[in-house]
Amino acid sequence: MPDFDLERVHWEAGRTCVAGIDEAGRGPWAGPVVAAAVVLDADELSVDLRQGLDDSKKLSAAKRDTLYDLLRDQARIGVGIAEVDEIDTRNILQATLAAMARAVRKLNVIPDQALVDGTQPPILPCPLDCIVKGDGRSLSIAAASVIAKVSRDRLMADLARLHPGYGWERNAGYGTAEHRDALAHLGVTPEHRRSFAPIRKMLRDNPGDAQDIDSAETL
């Protein structure tokens, strides 16, 4: 379970504002990638958050929603987004790092230190540590993973209403059987990542399957 051991090293060195950073949505075939930066106050953190936070992938949707609401009340939060066109233009890694930098800017404070989940460092206005599987080790990163995941899932539910039939409210744009079947019948939307191999292959093999922007927006 995550704790404050990684944060405490920096707090004891006088770096009191430590931000945890994580992302959601690197793997899906559709939709944006979303990053979150979260600063927690150990003295004010509720027992529910201290004991409930974990890697968002290990939590139920209902539990994530509960933690999201608690974090909105108790933490400083920034959310950054990179849309599909940026993913396709820059590649998913660079778009993810850009979303992380935007999330930190949305904090409206420059952290003294950042703890970033993963191995690739974004460009930030503060020192940072990359932490492998950090969402299972640091409460701050775990909090960021919950905020990023819930924020993205809600964005995908909104996009599902604009582009019905793909099941994005359930699969969040991942390449599930439901999503694959919908692509075969409905075609590729403007929200699909054309740089991703399955979508690129579909467009190459069936060039008529791409919805034009105007028709897609009327769905």
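First residue of the sequence shown? That's 5 in our numbering, and the numbers climb one at a time after it.
Cβ coordinates follow ideal geometry from the N, Cα and C atoms, glycine included.
Counting only the same chain and skipping the five closest in sequence on each side, list residues whose C-beta sits under 8 Å from that of residue 113.
Position 109 of the sequence shown holds residue 113. Here residue 113 has 21, 43, 80 as same chain residues with Cβ atoms under 8 Å from its own Cβ, once five neighbours each way along the sequence are excluded.
How is the alpha helix (DSSP H) around residue 204 delimited, first residue to last?
As a working note, residue 204 is residue 200 in the sequence shown. Counted as a single uninterrupted DSSP element, the alpha helix (DSSP H) harbouring residue 204 occupies residues 201-209.
Give the range of the beta strand (DSSP E) segment to which residue 41 is assigned.
One-based indexing of the sequence shown puts residue 41 at position 37. Looking at the DSSP string, the run of the beta strand (DSSP E) that includes residue 41 is 37-43.
Would you call the CB atoms of residue 39 and residue 107 closer than 7 Å?
Mapped onto the sequence shown, residue 39 falls at position 35. Mapped onto the sequence shown, residue 107 falls at position 103. Contact: yes.
Which of helix, strand or coil DSSP assigns to residue 135:
In the sequence shown, the residue the question calls residue 135 occupies position 131. The answer is strand: DSSP assigns residue 135 an E or B state.
Identify the continuous beta strand (DSSP E) that holds residue 83 and give its terminal residues.
Walking along the sequence shown from the start, residue 83 turns up at place 79. Run containing residue 83: 80-86, per the beta strand (DSSP E) assignment.
For residue 130, which option in 48, 53, 24, 207 has the closest C-alpha, if you only look at C-alpha atoms?
Counting from 1 along the sequence shown, the entry for residue 130 is found at position 126. Answer by Cα proximity: 24.
Taking the alpha carbon of residue 68 as the point to measure from, which residue in 206, 146, 205, 191 has its own alpha carbon closest?
Position 64 of the sequence shown, counted from the start, is the residue given in the question as residue 68. Just measuring C-alpha positions, the residue of 206, 146, 205, 191 sitting nearest residue 68 is 146.
By the DSSP assignment, the alpha helix (DSSP H) with residue 11 in it spans what residues?
Position 7 of the sequence shown, counting from 1, holds the residue named residue 11. From DSSP, the alpha helix (DSSP H) with residue 11 extends over 9-16.
Inter-residue spacing [alpha-carbon to alpha-carbon] between residue 33 and residue 150:
Taking the sequence shown and counting its residues from 1, one reaches residue 33 at position 29. Taking the sequence shown and counting its residues from 1, one reaches residue 150 at position 146. About 21 Å.
Quick one: grab the DSSP three-state call for residue 155.
Residue numbering aside, residue 155 sits at position 151 when the sequence shown is read from its first letter. Per DSSP, reduced to three states, the secondary structure at residue 155 is helical.
Starting from the Cα of residue 142, find the closest Cα among 66, 157, 125, 118 and give me that residue.
As a first step, residue 142 must be located in the sequence shown, where it is residue number 138. When only C-alpha atoms are compared, the closest one is 118.
Do residue 154 and residue 134 have their CB atoms nearer than 7 Å?
Walking along the sequence shown from the start, residue 154 turns up at place 150. Walking along the sequence shown from the start, residue 134 turns up at place 130. Taking 7 Å as the cut-off, the Cβ atoms of residue 154 and residue 134 do not count as close.
Residue 34 by DSSP, collapsed to three states: which one?
In the sequence shown, counting from the first residue as 1, residue 34 sits at position 30. Reduced to three states, the DSSP call for residue 34 is strand.
Own chain residues within Cβ distance below 7 Å of residue 10, not counting five before or after
Taking the first residue of the sequence shown as position 1, residue 10 is located at position 6. Excluding sequence neighbours, residue 10 sits near 119, 135, 141, 142.
In angstroms, rounded to a whole number, what distance separates the CA positions of residue 104 and residue 26?
Locating residue 104 in the sequence shown gives position 100, where the first residue counts as 1. Locating residue 26 in the sequence shown gives position 22, where the first residue counts as 1. Going by the C-alpha atoms only, they are around 7 Å apart.
For residue 26, which beta-bridge partners are listed by DSSP?
Residue 26 sits at position 22 when you count from the first residue of the sequence shown. In the DSSP assignment, residue 26 forms a beta bridge with 40.
Identify which residue in 109, 138, 111 has its Cα closest to the Cα of residue 122.
As a working mapping, residue 122 is identified with position 118 in the sequence shown. The residue with the shortest Cα to Cα distance from residue 122 is 138.
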